[in-house]
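**Q** Quick one: this structure, given as structure tokens, is what I'll be asking you about.
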Amino acid sequence: MDFLFMYFNFYEGEFLMQDWNEFHLYIDADNDPSTGQDIHGIGAELDWIFGERWGYQYVNGQQVELWQNDLALRIGPTITSTEFEIAISRESESLTMNSSQVLTEGKIILSEGQENSDFIPDESGGVYFNIGEDAVPYPEPIPLERLHDDDIRIVSYNTWNDGIINEERQLHFKRILQALDPDVIVLQEHWDWNEIDDVIQSWFPEDVWHASWTYRDLVVLSRFPILEDANMISSERTMAALLNTENELGKNLLIFNSHLSCCSNNEDRQQQVDEFSSIWR
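What follows is the structure, given as structure tokens:
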């Protein structure tokens, strides 16, 4: 899948792109101010509102609501920052204007969103871009080998709704985990407690694997014996497991596994963090 990549940074302050803002991204996908939504001198086929996590497509006089997956939208980093890079699929309906074109040029505007807000660029007409057919060099691959043979590798994975035991998705998990070859696997959104240790053991048959109790949707699996495991907070959204790593580290390794409330549940998430902090202190 080809993407349109955009980079921008803020002069002052840190921001979270998924919430707490009214930033708009406007893209004129056909470089024609007479089509799409008229905004600051361009005709935008796409209006994406970052803080709301949705937007609109404007085509043939219609306004269609969009979600992130409609654009294959990628934003990095996913935490607060002063700079961001985003990517939108060039094959999305918004940029192909319902499959009627291939995106090769257009214009972009960023806006604070409020009335009389700031625009990038200040001048009317947007920032022009065109996409050539030049070959782009492949990035240097990141090696999977450990820097030191005695490193302990930990993988944390949100499996999304018991995905690791879903028949259609399991092969992908197997390929990824076998390639990473971890010593400790920390899973979230995994409610099953009956199958997972046998699944991991079958993927790494040369080692003996140990599994903690499954707390809500959290479980820790380890090549090292698990001395103790426990739920840490009342919502069961944080657990701990103590691993016997005396021979490897000269001390035992304590693993915390958290899956805090998502999305706009800010008060619940704050309460869970505060409770864990008070217990840990």
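Just so we're aligned: 231 in numbering that gives the first Met the number 0 is position 232 of the sequence shown, and the numbers increase by one with no gaps anywhere. We treat Cβ as the ideally placed atom computed from N, Cα and C, and that holds for glycine. All figures in this text were calculated on a predicted structure; none of them were measured in a lab.
Kindly list the residues whose CB is nearer than 7 Å to the CB of residue 239, restricted to its own chain and excluding five residues on each side of it in sequence; keep chain order.
**A** Position 240 of the sequence shown holds residue 239. 228, 229, 231, 253, 254 and 255.
**Q** In terms of residue numbering, what span does the alpha helix (DSSP H) encompassing residue 174 cover?
**A** Taking the sequence shown and counting its residues from 1, the one referred to as residue 174 is at position 175. That run of the alpha helix (DSSP H) goes 166 to 179.
**Q** Considering only residues of the segment 199 to 266, which uninterrupted beta strand (DSSP E) runs meet the minimum length of 3 residues and lie entirely inside it, listed in chain order?
**A** Runs found: 218 to 221, 225 to 230, 237 to 242 and 252 to 257.
**Q** If we require 3 or more residues per run, which beta strand (DSSP E) segments fall completely within the segment 82 to 116?
**A** Correct list: 82 to 88 and 104 to 110.
**Q** Could you tell me which of 59, 30 and 83 sits nearest to residue 22, measuring between CA atoms?
**A** Against the sequence shown, residue 22 aligns to sequence position 23. Out of 59, 30 and 83, 83 has the C-alpha closest to the C-alpha of residue 22.
**Q** Give, in chain order, every unbroken run of the beta strand (DSSP E) that is at least 3 residues long and sits entirely within the segment 7 to 68.
**A** Listed in chain order, the complete beta strand (DSSP E) runs (minimum 3 residues) inside the segment 7 to 68 are 23 to 27, 36 to 38, 41 to 43, 45 to 48, 53 to 58 and 61 to 66.
**Q** Here's the rule: buried if 16 or more other CB atoms are within 10 angstroms of the residue's CB, otherwise exposed. What is residue 44?
**A** Within the sequence shown, numbered from 1, the residue matching residue 44 stands at position 45. Buried is the call here.
**Q** Are three or more beta carbon pairs between the segment 30 to 45 and the segment 71 to 78 nearer than 8 Å?
**A** Segments in contact, no.
**Q** When you compare each of 149, 114, 3 and 18 to residue 246 by their alpha carbons, which one comes out closest?
**A** Stepping through the sequence shown from its first residue, residue 246 is reached at position 247. Per the Cα distances, 149.
**Q** Out of 275, 90 and 225, state which residue places its alpha-carbon closest to the alpha-carbon of residue 251.
**A** The residue you call residue 251 lines up with position 252 of the sequence shown. Residue 251 has its Cα closest to that of 225, out of 275, 90 and 225.
**Q** Nearest to residue 51 by alpha carbon, out of 191, 263, 276 and 272?
**A** In the sequence shown, residue 51 corresponds to position 52, counting from 1. When each option's Cα is compared against that of residue 51, the closest is 263.
**Q** Quick check on DSSP: helix, strand or coil for residue 155?
**A** The residue labelled residue 155 in the question sits at position 156 within the sequence shown. Note: residue 155 maps to strand in three-state DSSP.
**Q** Is the distance from the Cβ of residue 185 to the Cβ of residue 153 below 8 Å?
**A** Counting from one through the sequence shown, the residue named residue 185 turns up at place 186. Counting from one through the sequence shown, the residue named residue 153 turns up at place 154. Yes.
**Q** Can the beta-carbon of residue 178 be found less than 8 Å from the beta-carbon of residue 94?
**A** On the sequence shown, position 179 is the one that residue 178 refers to. On the sequence shown, position 95 is the one that residue 94 refers to. No, the Cβ-Cβ distance between residue 178 and residue 94 is not below 8 Å.
**Q** Relative to the C-alpha of residue 223, which candidate in 233, 129, 244 and 234 has its C-alpha closest?
**A** Taking the sequence shown and counting its residues from 1, the one referred to as residue 223 is at position 224. With distances taken between Cα atoms, residue 223 lies closest to 244.
**Q** Residue 6 to residue 204, Cα distance in whole Å?
**A** Position 7 of the sequence shown holds residue 6. Position 205 of the sequence shown holds residue 204. Rounded to whole angstroms, residue 6 to residue 204 spans 45 Å at the Cα level.
**Q** For residue 171, count the other beta carbons within 10 Å of its own beta carbon; 16 or more makes it buried, fewer makes it exposed. Which is it?
**A** Sequence index remark: in the sequence shown, residue 171 carries index 172 (1-based). Exposed, by the Cβ-count rule.
**Q** Looking only at its own chain, which residues have a Cβ that is under 7 Å from the Cβ of residue 257, when we skip the five neighbours before and after it?
**A** For the purposes of this step, residue 257 is identified with residue 258 of the sequence shown, where counting begins at 1. Same-chain partners within the cutoff: 236 and 237.
**Q** What are the partner residues of residue 3, as DSSP defines its beta bridges?
**A** Translated into positions along the sequence shown, residue 3 becomes position 4. DSSP, once it has assigned bridges, lists 87 as partnering residue 3.
**Q** Keeping to the same chain, check which residues put their C-beta closer than 6 Å to that of residue 86; ignore five residues upstream and five downstream.
**A** Walking along the sequence shown from the start, residue 86 turns up at place 87. Cβ neighbours of residue 86 beyond the five flanking positions: 2, 4 and 73.
**Q** Between the segment 92 to 110 and the segment 126 to 133, do three or more beta carbon pairs fall short of 8 Å?
**A** Cβ pair count under 8 Å is three or more, so yes.
**Q** Sort out for me which residues DSSP pairs residue 186 with in a bridge.
**A** On the sequence shown, position 187 is the one that residue 186 refers to. Its beta-bridge partners are 156 and 218.
**Q** I need the straight-line Cα distance from residue 164 to residue 155, nearest angstrom please.
**A** As a first step, residue 164 must be located in the sequence shown, where it is residue number 165. As a first step, residue 155 must be located in the sequence shown, where it is residue number 156. If you take the alpha carbons of residue 164 and residue 155, they lie about 16 Å apart.
**Q** Keeping to the same chain, check which residues put their C-beta closer than 8 Å to that of residue 161; ignore five residues upstream and five downstream.
**A** By one-based count along the sequence shown, residue 161 stands at place 162. Only 188, 189, 190 and 191 meet the Cβ criterion.
**Q** Is the separation between the beta-carbon of residue 219 and that of residue 183 shorter than 8 Å?
**A** Taking the first residue of the sequence shown as 1, we reach residue 219 at position 220. Taking the first residue of the sequence shown as 1, we reach residue 183 at position 184. Yes, Cβ-Cβ distance for residue 219 and residue 183 is below 8 Å.
**Q** Distance, Cα to Cα, residue 209 vs residue 158?
**A** In the sequence shown, the residue the question calls residue 209 occupies position 210. In the sequence shown, the residue the question calls residue 158 occupies position 159. In a straight line, the C-alpha of residue 209 is about 19 Å away from that of residue 158.
**Q** Can you check whether the CB of residue 70 is closer than 8 Å to the CB of residue 91?
**A** Residue mapping note: residue 91 aligns to position 92 of the sequence shown, counting from 1. Residue mapping note: residue 70 aligns to position 71 of the sequence shown, counting from 1. Contact flag set, yes.
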